[in-house]
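Chemist: Residues in the sequence shown are numbered from 96 upward in steps of one, following the numbering used here. My questions all concern the structure below.
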Amino acid sequence: MPEPLDILVVGGGINGVGIARDAAGRGLKVQVVEKGDLASATSSASSKLVHGGLRYLEHAAFRLVREALAERDVLLASAPHLVRPLRFVLPCGPGSRPRALIRFGLFLYDHLGGRRTLPGTEAVRLRHHAYGEPLQQRLTSGFAYSDCRVDDARLVVVNARDAAARGAKIATRSKMRSARRVDDHWRVAVERNGVTSELAARILVNAAGPWTGDILRRAGVTHPEVHVRLVKGSHIVVPRLYDGEQAYILQNDDGRVVFVLPYEGRLSLIGTTDIPFAGDPARAAIEPAEVDYLCRAVSRWLARPIAPQDVVWSYAGVRPLYDDRTKEASAVTRDYVLALDAATGAGPLLSVFGGKITTYRRLAEHAMDRLARFLPGLKAPWTAGAFLPGGDLRERDLPAYAAALARDYSFLDASAALRLARSYGSEARRILGAARRPEDLGRCFGCGFSERELEWLATEEWALTAEDVLWRRSKLGLNLDRGAVAAIAALLASRRAP
């Protein structure tokens, strides 16, 4: 058997690839095994936000909010093509939280994170401001504050790419069947394409998200001290509800909040629900009652009501939260817990419970801190000031970069150039290369998506199927016709053929 890995990470979501990237950048020998595609579960089913979590202040989660707000600035600097500022409007009205309480919460939100790069809170007279136009006439006042939006699945992919560039191996469609301790390391059986092989690793990291408990059982841990609590969150997408690039955070009559975000240019994204979940996380789906709930919540505030028949797409994901025994699903902590199983002389097992996209980088640093005593001479943390692939944009000016793409590649229309800039950042030029006309990029499937780009996704980003391409590496599934989808699927299938 070859020399053991330093760390084997189980799980190709944001926490797994974040830990792999951090570890590989410190010179460790690392591999990720993921039974499906990267970001194929929770990490592609989020509300697409990098945020401090304003509502977590109600649960006195000050440490989590402080860390998340600080990380918001770090991610905004390291991946400005994927993490972009977004202004949120919070209207006040009958049945909402007291105005004074909201003002105080927003004051804390502005100052908890330390250094602030985004605009602060402002009070808004809704009848005299463009922010009020989409809202019902009865609403007269509110607040506006800053957070960020994110392409969640692509954030996972660029972390995996950076990990791979630093020496990590990323193995998708590879399922951990079992793991056992042999002296001071692990022997892990991994199945890929029907063939099972064995890997050796000094440390096993369980970052399997909703399947964390399953991985523990497969590793022989039958009575863990920490447990995961599964909560389903669902979202709906409808035709664009209003002009403008602002988002809305709407207070529902049950005390929860619902977000409305501009999405993919011509759409609005609405979410989320919080429902206890039991069963196979891979089969999670939105229920009619959830659609009704989200439609009612939005129609309570916006001048234009929505109904279930307006929904053009929906998705659901299962959040693997740390089980803090809280009764209500919406009140369960979004903080993370790292559980270390490390008997003297035995291979360490670190399991990740909870967490959120915003704090994945700090989670990875904390994971390495927990494992440092098993890794003599471990190098210092490094990710805080490092760009993610594509993130080295001059002055973080994405519109200027997109305009330059459209100028230098004159056959691109403005919308295609902007999509490429938002998806790949500075790496868009690597995809376009020396092309001077559309034909140089091969077949165009629509929306400026070409064979050249498809080849990039297959060779550089582990995309194997049309679903990988159309719903995780992009959201082109919302726009391309059936013929284009079939052609993409056929080309990918031909690549896999022996």
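Think of the CB as a built atom: it goes at the ideal place given N, C-alpha and C, for glycine as much as any other residue.
1) Could you give the residue range of the beta strand (DSSP E) that holds Y226?
2) When the Cα atoms are used, what is the spatial distance from S545 to G537?
3) So for F540, helix, strand or coil by DSSP?
4) What do you get for E556, buried or exposed, if any count of 16 or more other CB atoms within 10 angstroms of its CB means buried?
5) Quick one: measure Cβ to Cβ for L221 and G237, integer angstroms, because I've assumed they're closer than 8 Å.
6) Per DSSP, C187 is paired with what?
7) Quick one: what does DSSP say Q341 is sitting in, helix, strand or coil?
8) Between V105, G122, G578, which has its C-alpha nearest A475's C-alpha?
9) Nearest CA to the CA of A295: which residue from R532, V285, A303, G289?
10) Determine whether the beta carbon atoms of V145 and V283 lie at a separation below 8 Å.
11) Assuming R429 contacts L416 (C-beta within less than 8 Å), just tell me the rounded distance between them.
12) In terms of alpha-carbon separation, which member of R194, V564, E320 lies closest to A616?
13) Looking at the structure shown, is E320 part of a helix, part of a strand, or coil, going by DSSP?
14) In or out: F157 buried (at least 16 other Cβ within 10 Å) or exposed?
15) Along the chain, where does the alpha helix (DSSP H) that runs through W551 open and close?
16) Per the DSSP calculation, W281 is bridged to which residue(s)?
17) Does the distance from the CB of T478 to the CB of D101 come in under 8 Å?
18) So the beta strand (DSSP E) P357 belongs to, where does it begin and stop?
19) What does DSSP give as the partner residue(s) for D436 in the beta ladder?
20) Just curious, the alpha helix (DSSP H) that Y496 is in, first and last residue?
21) Quick check: what's the CA-CA separation for L445 versus G148?
22) I'd like to check one pair, S135 with P180: are the Cβ atoms closer than 8 Å?
Modeler: Reading off the structure:
1) Numbered from 1 along the sequence shown, position 131 holds the residue referred to as residue 226. Unbroken run through Y226: none, as it is neither H nor E.
2) Taking the sequence shown and counting its residues from 1, one reaches residue 545 at position 450. Taking the sequence shown and counting its residues from 1, one reaches residue 537 at position 442. Whole-angstrom Cα-Cα distance: 6 Å.
3) Along the sequence shown, one-based indexing puts residue 540 at 445. F540 falls in the strand class under three-state DSSP.
4) Locating residue 556 in the sequence shown gives position 461, where the first residue counts as 1. By the 10 Å Cβ count, E556 comes out buried.
5) Walking along the sequence shown from the start, residue 221 turns up at place 126. Walking along the sequence shown from the start, residue 237 turns up at place 142. Yes, L221 and G237 are in contact; Cβ-Cβ is about 6 Å, under 8 Å.
6) Counted from its first residue, the sequence shown places residue 187 at position 92. C187 pairs with S236.
7) Position 246 of the sequence shown, counted from the first residue, corresponds to residue 341. If DSSP states are grouped into helix, strand and coil, Q341 belongs with coil.
8) As a working note, residue 475 is residue 380 in the sequence shown. Of the candidates V105, G122, G578, the one whose C-alpha sits nearest the C-alpha of A475 is G122.
9) Indexing the sequence shown from 1 puts residue 295 at position 200. Here the closest residue by C-alpha is V285.
10) Along the sequence shown, one-based indexing puts residue 145 at 50. Along the sequence shown, one-based indexing puts residue 283 at 188. No. Outside cutoff.
11) Stepping through the sequence shown from its first residue, residue 429 is reached at position 334. Stepping through the sequence shown from its first residue, residue 416 is reached at position 321. Indeed, because the Cβ distance is near 7 Å, the residues count as touching under 8 Å.
12) The structure shown does not extend to residue 616, since the chain spans only 96 to 593, so no value can be given for it.
13) Walking along the sequence shown from the start, residue 320 turns up at place 225. Coil.
14) On the sequence shown, residue 157 is found 62 positions in, with the first residue counted as 1. So F157 ends up on the exposed side.
15) For the purposes of this step, residue 551 is taken as the residue at position 456 of the sequence shown. First-last of the alpha helix (DSSP H) with W551: 546-555.
16) Sequence index remark: in the sequence shown, residue 281 carries index 186 (1-based). According to DSSP, which records beta bridges pairwise, W281 is partnered with R276, A296.
17) Within the sequence shown, residue 478 is the residue found at index 383, counting from 1. Within the sequence shown, residue 101 is the residue found at index 6, counting from 1. Not a contact, by the Cβ cut-off of 8 Å.
18) Counting from 1 along the sequence shown, the entry for residue 357 is found at position 262. Segment 352-358, the beta strand (DSSP E) holding P357.
19) Residue numbering aside, residue 436 sits at position 341 when the sequence shown is read from its first letter. L444, per the DSSP bridge assignment.
20) As a first step, residue 496 must be located in the sequence shown, where it is residue number 401. Taken as a continuous stretch (DSSP letters only), the alpha helix (DSSP H) holding Y496 covers 493-503.
21) Here residue 445 refers to the residue found at position 350 when the sequence shown is read from its first residue. Here residue 148 refers to the residue found at position 53 when the sequence shown is read from its first residue. When rounded, the distance between both Cα atoms is 26 Å.
22) In the sequence shown, residue 180 corresponds to position 85, counting from 1. In the sequence shown, residue 135 corresponds to position 40, counting from 1. Taking 8 Å as the Cβ cut-off, P180 and S135 do not qualify as a contacting pair.
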